[in-house]
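Asker: Using our numbering, count along the sequence shown one by one with no gaps and you end on 607.
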Amino acid sequence: MNCRSLSRLLGGTVLALTLATPFTLPAQADEVLRIVLDSDLPSLDPSQTTATVVTDFGHMVFETLFAMDAAGQPQPQMVGAHTLSEDGLVYTFTLRPDLAFHDGAPVTSADVIASLERFFAKDAIGTVLQQRLAKLEAVGDTTFRMTLSEPFGLTLDVLGKYSPIVPYIYPARIIAGGPDAVITEPVGSGPYIYDAAETRPGSVIVLKRNEAYVPRAEPQDVLAGSHAGSVDRVELLTIPDSQTSVNALMAGEIDMISSINPDTLDQLEEDDAITVATRYPAGETILLRFNNLTAPFNDPRARRAFAMVVDQNQYLAVAAARPEYGKVCKSIFTCDSPYTTDIGSEAVGSLDLEAAKALLAESDYDGTPIVVLQPTDRPGLQAYALIAAQELRSIGFNVELAASDWASLLQRRALKGPQAEGGWNLFVTTASADNMVNPFVNLPGNTNCETSWAGWPCDEAANAIRTAFMNATTLEERKKLADDFQARIFEIMPFVPAGQFVHLGAWNKDVGNVIQGPASPFYGLTKSRGE
Numbered sequence: 077m078n079c080r081s082l083s084r085l086l087g088g089t090v091l092a093l094t095l096a097t098p099f100t101l102p103a104q105a106d107e108v109l110r111i112v113l114d115s116d117l118p119s120l121d122p123s124q125t126t127a128t129v130v131t132d133f134g135h136m137v138f139e140t141l142f143a144m145d146a147a148g149q150p151q152p153q154m155v156g157a158h159t160l161s162e163d164g165l166v167y168t169f170t171l172r173p174d175l176a177f178h179d180g181a182p183v184t185s186a187d188v189i190a191s192l193e194r195f196f197a198k199d200a201i202g203t204v205l206q207q208r209l210a211k212l213e214a215v216g217d218t219t220f221r222m223t224l225s226e227p228f229g230l231t232l233d234v235l236g237k238y239s240p241i242v243p244y245i246y247p248a249r250i251i252a253g254g255p256d257a258v259i260t261e262p263v264g265s266g267p268y269i270y271d272a273a274e275t276r277p278g279s280v281i282v283l284k285r286n287e288a289y290v291p292r293a294e295p296q297d298v299l300a301g302s303h304a305g306s307v308d309r310v311e312l313l314t315i316p317d318s319q320t321s322v323n324a325l326m327a328g329e330i331d332m333i334s335s336i337n338p339d340t341l342d343q344l345e346e347d348d349a350i351t352v353a354t355r356y357p358a359g360e361t362i363l364l365r366f367n368n369l370t371a372p373f374n375d376p377r378a379r380r381a382f383a384m385v386v387d388q389n390q391y392l393a394v395a396a397a398r399p400e401y402g403k404v405c406k407s408i409f410t411c412d413s414p415y416t417t418d419i420g421s422e423a424v425g426s427l428d429l430e431a432a433k434a435l436l437a438e439s440d441y442d443g444t445p446i447v448v449l450q451p452t453d454r455p456g457l458q459a460y461a462l463i464a465a466q467e468l469r470s471i472g473f474n475v476e477l478a479a480s481d482w483a484s485l486l487q488r489r490a491l492k493g494p495q496a497e498g499g500w501n502l503f504v505t506t507a508s509a510d511n512m513v514n515p516f517v518n519l520p521g522n523t524n525c526e527t528s529w530a531g532w533p534c535d536e537a538a539n540a541i542r543t544a545f546m547n548a549t550t551l552e553e554r555k556k557l558a559d560d561f562q563a564r565i566f567e568i569m570p571f572v573p574a575g576q577f578v579h580l581g582a583w584n585k586d587v588g589n590v591i592q593g594p595a596s597p598f599y600g601l602t603k604s605r606g607e
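1. Identify every run of the beta strand (DSSP E) within the region 287–356, keeping only runs that are complete inside it and at least 3 residues long; order them along the chain.
2. Which one or two residues does DSSP pair with PHE177 in a beta bridge?
3. Go ahead and pull the three-state DSSP assignment for ASN589.
4. How is the alpha helix (DSSP H) around VAL108 delimited, first residue to last?
5. If you measure between the beta carbons of MET569 and ARG380, is that distance less than 7 Å?
6. Return the bridge partner residues of LEU462 from the DSSP annotation.
7. In three-state terms, what does DSSP make of GLY266?
8. Which stretch, first to last residue, makes up the alpha helix (DSSP H) that contains LEU435?
9. If we require 3 or more residues per run, which beta strand (DSSP E) segments fall completely within the region 190–236?
10. In the DSSP assignment, what residue or residues form a beta bridge with LYS403?
11. Does GLY456 come out as helix, strand or coil in the three-state DSSP assignment?
12. For the candidate residues ILE269, THR203, ALA273, whose alpha-carbon lies nearest to that of VAL242?
13. Mind checking which residues open and close the alpha helix (DSSP H) that includes ILE541?
14. Helix, strand or coil for PHE99? Go by DSSP, reduced to three states.
15. So who's on the other strand from LEU363, going by DSSP bridges?
16. Given that a residue counts as buried once 16 or more other Cβ atoms are within 10 Å of its Cβ, and exposed if not, what is GLU139?
17. Could you check whether the Cβ of VAL282 sits closer than 7 Å to any Cβ belonging to chain C?
18. If you compare alpha carbons, which of SER239, ILE250, ILE111, ASP308 is closest to GLY593?
19. Taking the beta strand (DSSP E) that MET144 belongs to, which residues open and close that run?
20. If I measure Cβ to Cβ from TRP532 and keep anything under 7 Å in the same chain, skipping five residues before and after, which residues do I get?
21. Between which two residues does the alpha helix (DSSP H) carrying PHE133 extend?
22. Report buried or exposed for ALA103, applying the criterion of at least 16 other Cβ atoms within 10 angstroms of its Cβ.
23. Alpha carbon to alpha carbon, how far is ALA558 from ASN539?
24. Could you tell me the alpha carbon to alpha carbon distance between ASP342 and GLU360, rounded to whole angstroms?
25. Return the residue from the list GLU536, GLN576, VAL258 that minimises the CA-CA distance to VAL513.
26. Rounding to the nearest angstrom, what Cα-Cα distance links GLY54 and ALA293 in this structure?
27. Is the separation between the beta-carbon of VAL183 and that of LEU175 shorter than 7 Å?
28. Short check: CB of PHE196 to CB of GLN206, under 7 Å?
29. At which residues does the beta strand (DSSP E) containing GLU169 begin and terminate?
30. Of the choices ALA186, LEU230, THR218, whose alpha-carbon is the least far from that of GLY164?
31. Within the chosen definition, does the region 394–413 reach the region 329–343 through at least 3 CB pairs nearer than 8 Å?
32. Starting from the C-beta of ALA544, find all residues in its chain whose C-beta is less than 6 Å away, skip the five residues before and the five after it, and write them out in chain order.
33. From the DSSP output, which residues share a beta bridge with PRO491?
34. Check the DSSP bridge columns for GLU476 and list the partner residues they point to.
35. How long is the line joining the alpha carbons of SER421 and TYR356, rounded to whole angstroms?
36. With which residues is VAL282 paired in a DSSP beta bridge?
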């Protein structure tokens, strides 16, 4: 008897014992896709966090005006038609007909304008477009106009941004509280509807197919084209123990693990009914992120001292399931991309303990314990935090590890104050390749103060180089500016790159249309009905 037959005989005990709170199973006729996420969702509001799990949820429920295809080009999504004036300043957009939110209300220009204004206030790249915006106005119920103060060739790219803060379109009524008011009612216009009644926070997010959804006629092309849901119901599960997830997948009780623990790779590969592969071939970068606002890491000497003793091989030994899945990469840009450079990289990982200790002694660090955030439900990140703590201690930092689940960590890292007010000094995370490839999109390299990513670095020189990069007209100019940008980032050191790796997912072979690209949405996944 194989494990799948045993699972049916036992009534699905692996999944039943895993979920913290029982829930009502759907009718047998419903086609259900069960996916284990990296962690619980810290929020149902995609504008409040850069967490990938929230973006994955967001792509199911909400939509954007434009969406990126496999070539990285923005294609119309909610927009039906658009024009650009000859001087490159005036964009006029008309929404597709039949667009409606999950509550039945039509999508209007007023909703679009309110949503974009919220996005501009929450996202550093959105701010770049806002700074060039002279006027944003409705010219009809479903037509709106965007007038720029100067031509900006990346306008549609910004409107089609898919990670990590996405310009989703919301009903104006649910975001009326302003950009910092958290959405508690996730009503979108996308292919799946959030089911609050059946959702059990901490265990399962339930999404039901939007039967009124009208998709685009074009076939799915990563995030462009049709967003039509293929299955009746999607359950996004939280299972903190990785071995329990593997057991459930091998038993046929779940359909996908979005990111596996590298320690389980050999076990999963032994099962012929399971595919193990990456959904993101370009990989991710491990990031050590400082709180630039508070001592001691408001002093760049303390930041640079730590960077000197960061040993990327230590992090990659944890991150990469096998050596071929990881690589040392001391560029702030994705390695093997057009802007990869080694300018200034000697600042990272020299492993000269005495020089690092001397630099720390020159800084204003007074021996006060620093807080390193450590997620206990993300094995990889938990291990990275331990490695970072050891490296910090090796040069004289007094370190306190603050252990919590990932969702709680994300809430704490939003706090800008000192430790006495619940603040923090360093956390470890990863960023996908598409958020690291050049100065414009480089998430941790954004130094735009209050609109920067958590850690809030502020540096006018880096911002000026980034602006020049966006305005450059030749590849030669952009490459030179990318070199300059990296040199400045390594001088101020708002973060430390700690290696690049490809993470793997696992899914049953009856799951189809798994997109491998810069984004891998769940809504297009199919599921065969065979045993």
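Yeah, the Cβ is synthetic: ideal placement off N, Cα and C, and Gly gets one too. Note that this is a predicted model, so its numbers are computed, not measured.
Answerer: Result, derived from the coordinates:
1. 309–313, 350–353
2. Looking at the DSSP assignment, PHE177 forms no beta bridge with any residue, so it has no partner.
3. In the structure shown, ASN589 sits in coil (DSSP, three-state: anything other than H, G, I, E or B).
4. Here VAL108 belongs to no alpha helix (DSSP H); instead the beta strand (DSSP E) covers 108–112.
5. yes
6. Note: LEU462 sits in no beta bridge, so no partner.
7. coil
8. Counting along the chain, the alpha helix (DSSP H) containing LEU435 begins and ends at 429–438.
9. 209–214, 219–224
10. GLN576
11. Reduced to three states, the DSSP call for GLY456 is helix.
12. Minimum Cα-Cα distance from VAL242 among the listed residues ILE269, THR203, ALA273 corresponds to THR203.
13. 536–547
14. The predicted model places PHE99 with a pLDDT of 45, which falls under 50 and marks its position as unreliable, so this point remains unresolved.
15. THR505, PRO573
16. Buried, because 16 or more other Cβ atoms sit within 10 Å of the Cβ of GLU139.
17. This model lacks chain C altogether, as it is built from one protein chain only.
18. The option with the nearest alpha carbon to GLY593 is SER239.
19. 142–144
20. ASN368, LEU369, LYS492, CYS525, GLU526
21. 128–137
22. With a pLDDT of only 47 at ALA103, under the threshold of 50, the placement of this residue in the model should not be trusted, and no figure is reported.
23. 12 Å
24. 22 Å
25. Of all alpha-carbon atoms in GLU536, GLN576, VAL258, the one lying nearest the alpha-carbon of VAL513 is that of GLN576.
26. The chain is shown from 77 up to 607; residue 54 falls before or after that span and cannot be answered.
27. yes
28. yes
29. Going by the sequence as given, residue 169 is Phe instead of Glu. 166–171 is the span of the beta strand (DSSP E), which, as asked, contains PHE169.
30. LEU230
31. yes
32. LEU557
33. In the sequence as presented, Pro is not what sits at residue 491; that position holds Leu. According to DSSP, LEU491 bridges with nothing at all.
34. VAL447
35. 26 Å
36. GLU311
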